Structure formats: C-alpha cells, structure tokens
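Numbering (the working numbering), first residue to last: 2 to 224.
Built from N, CA and C at the ideal position, the CB exists for glycine as well.
The model shown is predicted, which means the values in this text are computed figures rather than measured ones.
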C-alpha cells in the first residue's frame, strides 16, 4: 500500500538496505512515524497509508471488516510487507493466516522491524513467492477472508488483473469478504483506478462496495 509520498521529510531512519542481491528495487528504509509505528519506504516512496492515522490502527480496521467471528477462520494476506495486516488479522480472531511476500528487500527490512515480530505466531504461515503465482496452488473455497494490498499498479499490474481476481474469487468461500486497497481516491487517476478495479471484481463474481474513507473496496463472494 502506498500514499505515494516520495519525501520522507524528517522521519528518522531505523534501518536501511541498499542494493540487496535479488531485491526488486534499490533502496529500502524503515522510518519512524509520529505514532511510533515504523513504516517502509522503497526507493523513496512511502508504502503505508498514513493519511487516515496510525498504520497499525488502519490495518486493524481492515481486519475487523473481513475476519469472521467464527472460530478457526482462515485468512489470506496476499502482499505481506511488514506483516502488519497478517498480525492484525490474528488479533481480530483469525485462526490461521497465510501471508505472501515476494521481495527479498522487504523481507530484510521486516526482519529488523520490532513490530513485525508478531509474524512468528505459529498460526501465521509466511510464504515467499509471487502472489499471482502462489494463489493458483491454493484449493478452491479454502479461505474465509482475504486482504489484498498490492503495490501500485505500475509495479504489479498483474495483481490488478482479471485473471488474478478470478483466482481470488475461486479460493474464497461463499460469503467470504475481501478488502482490496486501491489508494487515495482523490483526483481523476485515483477514481479511475478504483472504478476499474470495482468493474473487474464484479466480472469475477464479487459484490463490491467502495470505501473511499479506507482507500479501497470491500467485496464479498456471492454464494
């Protein structure tokens, strides 16, 4: 997820990684916010939503939207990042969380972030791989909820595509909810992106509800 901000301003650097072999980008840094929550920057671009408050509180709001109250629910977190979403889903009551991250640079920064320690929860399974490929290996109707928080469209267009949404629909159980982050709805480009995502989700079979206050779309699989 990203607010698209390129200037970290005066945010203090906690850790940084440069030119890591196998990493998808050049520069990764972990910076301290005014709430005390560390956030990730990649090549100078902020990777967390801060416009609506503390990123930890934001992810908890998303988790509470989608995680069912039934015991033993299984949740898919498609793009792990620092792991805040997966941890929030467990806190919200998920019995099991599968979380996927493809970028070694992100994983390296995550490993030194104290607030990512919750990923060591045995009920959270960390998968290293491409979500667009990994999702094809999951059984149909095997998840009770999902959060899809992909990188920006220019960096991971396949995670906004019709084929991926079809796979997402397939792996979710009937009635399951999914939150799809789309970014700041301000401006024409933001509105066009959210509109296109909503249309493709509908074609995949989802019922959709735009949630601009959370910079995304809540959708659920019809039975």
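message: Taking DSSP's pairing of strands, which residues face residue 220 in a bridge?
response: In the chain shown, counting from the first residue as 1, residue 220 sits at position 219. DSSP output for residue 220 lists 179, 209 as bridge partner(s).
Next on the checklist: So for residue 12, helix, strand or coil by DSSP?
Outcome noted: Here residue 12 corresponds to residue number 11 of the chain shown, with the count starting at 1. In this structure, residue 12 counts as coil in the three-state DSSP scheme.
Would you call the CB atoms of residue 40 and residue 49 closer than 8 angstroms?
For this step, residue 40 is matched to residue 39 along the chain shown. For this step, residue 49 is matched to residue 48 along the chain shown. In this structure, residue 49 lies closer than 8 angstroms to residue 40 by Cβ.
Quiz prompt | residue 126: first and last residue of the uninterrupted beta strand (DSSP E) it sits in | solution = Numbered from 1 along the chain shown, position 125 holds the residue referred to as residue 126. First-last of the beta strand (DSSP E) with residue 126: 125-129.
- Could you give the DSSP three-state label for residue 111: helix, strand or coil? As a working mapping, residue 111 is identified with position 110 in the chain shown. Note: residue 111 maps to helix in three-state DSSP.
**Message:** Nearest by alpha-carbon distance to residue 30: which of 66, 59, 114 is it?
**Reply:** By one-based count along the chain shown, residue 30 stands at place 29. The candidate whose alpha carbon is nearest that of residue 30 is 114.
- Going by other Cβ atoms of all chains shown within 10 Å of its Cβ, with 16 needed for buried, is residue 178 buried or exposed? If you number the chain shown from 1, residue 178 lands on position 177. Looking at its Cβ environment, which holds 16 or more other Cβ atoms inside 10 Å, residue 178 is buried.
Q. Between the region 121-140 and the region 69-76, are three or more C-beta pairs nearer than 8 angstroms?
A. no
Cutoff 8 angstroms: residue 56 Cβ touching any chain B Cβ
In the displayed structure, chain B is absent; only one protein chain is listed.
Inset, instruction - Verify whether the separation of the beta carbon atoms of residue 174 and residue 145 is less than 8 angstroms. - result: For the purposes of this step, residue 174 is taken as the residue at position 173 of the chain shown. For the purposes of this step, residue 145 is taken as the residue at position 144 of the chain shown. Closer than 8 angstroms, so yes.
* Closest Cα partner of residue 18 within the set 106, 34, 95 -> Reading the chain shown from its first residue, position 17 is the one you call residue 18. Considering only alpha carbons, the answer is 106.
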